[in-house]
Amino acid sequence: HHQFILDAVNAMSRFNYQFISFNSHPLVTFSGGSYQDKLRMIAESKIQVVHNLLFPTQDQIVKDKSIPNYRSNEAFSNIDSGFVPQQKIRALESAFLKTLILCKHDDWNVIETMFEKDEFVYWHDAKDLEDKIAYITSHFHEFEPMIEKAYAKATSRYTVEKFVESFVR
Numbered sequence: 518h519h520q521f522i523l524d525a526v527n528a529m530s531r532f533n534y535q536f537i538s539f540n541s542h543p544l545v546t547f548s549g550g551s552y553q554d555k556l557r558m559i560a561e562s563k564i565q566v567v568h569n570l571l572f573p574t575q576d577q578i579v580k581d582k583s584i585p586n587y588r589s590n591e592a593f594s595n596i597d598s599g600f601v602p603q604q605k606i607r608a609l610e611s612a613f614l615k616t617l618i619l620c621k622h623d624d625w626n627v628i629e630t631m632f633e634k635d636e637f638v639y640w641h642d643a644k645d646l647e648d649k650i651a652y653i654t655s656h657f658h659e660f661e662p663m664i665e666k667a668y669a670k671a672t673s674r675y676t677v678e679k680f681v682e683s684f685v686r
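Residue numbers for the sequence shown follow my numbering, beginning at 518 and rising by one.
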C-alpha cells in the first residue's frame, strides 16, 4: 500500500471503518471477497473515502518521462511527486449506492468532470479527512441532500444505457 493510502486509512481507523484490499496489512479489515461483497459493504456505509490518483513505480515514472514532450501532458505535471490522475469507479459506486462521496482534493480534481461540488465533499490531508469524518458522522442529516443529488446524477447520466446511447448508437 502506498503511504498516501496508509495515512488516509490510519485517519479512518479512529472510526467504524472498512479497508478493503487484496494486499495484507494490519489496517485491512476485508480481503478476498467478491465485488458484490464490496458493494454491499459500501451500501451499508454512510461515507466512502475515495481518490482519483495513481501511484506509478519509479520504473514507470522513468518510462513516462522518456516519452517525447511528456511535460505537455497535464497528467504528468506532478509525476516527480509520485502520482498522476486516474479516473476511478469508486465515486460512481458511492453515488449509485447512496453513500456520501468523500474525495481527496488533488491538482486535477478529476471528480469534477462527473460531479458538481455540491454532490461530494473534498478532503485535503489525513487530519482534514479525520475532521471531516467526525463532522459528517455527527451531522449526517446535513449531507443527505448531497447524497440524493449525486444519486440522481449517477442514475440519469452514468448508467450502461446512457453510455450506449451516448457512445454506441
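Just so it is clear, CB atoms sit at the ideal spot from N, CA and C, and this is done for glycine as well. In this text the structure is predicted, and so the values were computed from the model without any measurement.
Tell whether a beta-carbon distance below 8 Å holds between histidine 542 and histidine 519.
no
Whether cysteine 620 touches phenylalanine 600 by CB criterion (8 Å)
For cysteine 620 and phenylalanine 600, no; Cβs fall outside 8 Å.
Member of Ile522, Phe521, Leu523, Ser530 whose CA lies at the smallest distance from the CA of isoleucine 650
Ser530
Pairing CB atoms from the stretch 598-615 with CB atoms from the stretch 568-587, are three or more of them under 8 Å?
Yes, the stretch 598-615 touches the stretch 568-587.
Simplified DSSP state of tyrosine 478, which is helix, strand or coil
Residue 478 lies beyond the range of the chain shown here (518 to 686); nothing can be said about it.
For tryptophan 625 and aspartate 517, the rounded distance between their alpha carbons
No answer is possible for residue 517: it lies beyond the span of the chain, which begins at 518 and ends at 686.
Could you check how far apart the C-beta atoms of alanine 592 and alanine 667 are, in whole angstroms? I think they sit under 8 Å.
That belief does not hold up - the Cβ atoms of alanine 592 and alanine 667 are roughly 25 Å apart, past 8 Å.
Beta-bridge pairing of glutamine 565 - partner residues as DSSP gives them:
Ile618
Distance, Cα to Cα, arginine 686 vs alanine 671?
20 Å
If contact is defined by three or more beta carbon pairs under 8 Å, each pair taking one atom from either stretch, is the stretch 639-648 in contact with the stretch 580-595?
no
With a threshold of 6 Å on Cβ separation, who are the neighbours of glutamate 537 within its own chain once the five nearest residues in sequence on each side are excluded?
The identity of residue 537 in the sequence shown is isoleucine, whereas the question assumes glutamate. Counting only Cβ-Cβ distances below 6 Å, and skipping sequence neighbours, we find Phe547, Lys555.
With a floor of 3 residues, list each beta strand (DSSP E) that falls wholly inside the stretch 563-648, ordered by position along the chain.
564-567, 617-621, 638-640
Helix, strand or coil for phenylalanine 680? Go by DSSP, reduced to three states.
helix
Considering only their Cβ atoms, is the gap separating phenylalanine 532 from threonine 616 smaller than 8 Å?
no
Straight-line gap, serine 683 to aspartate 635 (C-alpha atoms, nearest Å):
25 Å
For phenylalanine 680 and alanine 669, what's the separation of their Cα atoms in angstroms?
If you draw a straight line from the Cα of phenylalanine 680 to the Cα of alanine 669, it is about 16 Å long.
Residues near isoleucine 578 by beta carbon distance below 7 Å, same chain, minus five either side:
Ile596
Can you round the beta-carbon distance between histidine 656 and histidine 641 to whole angstroms, since I take them to be within the 8 Å contact cut?
In fact, because the Cβ distance is near 19 Å, the residues do not count as touching under 8 Å.
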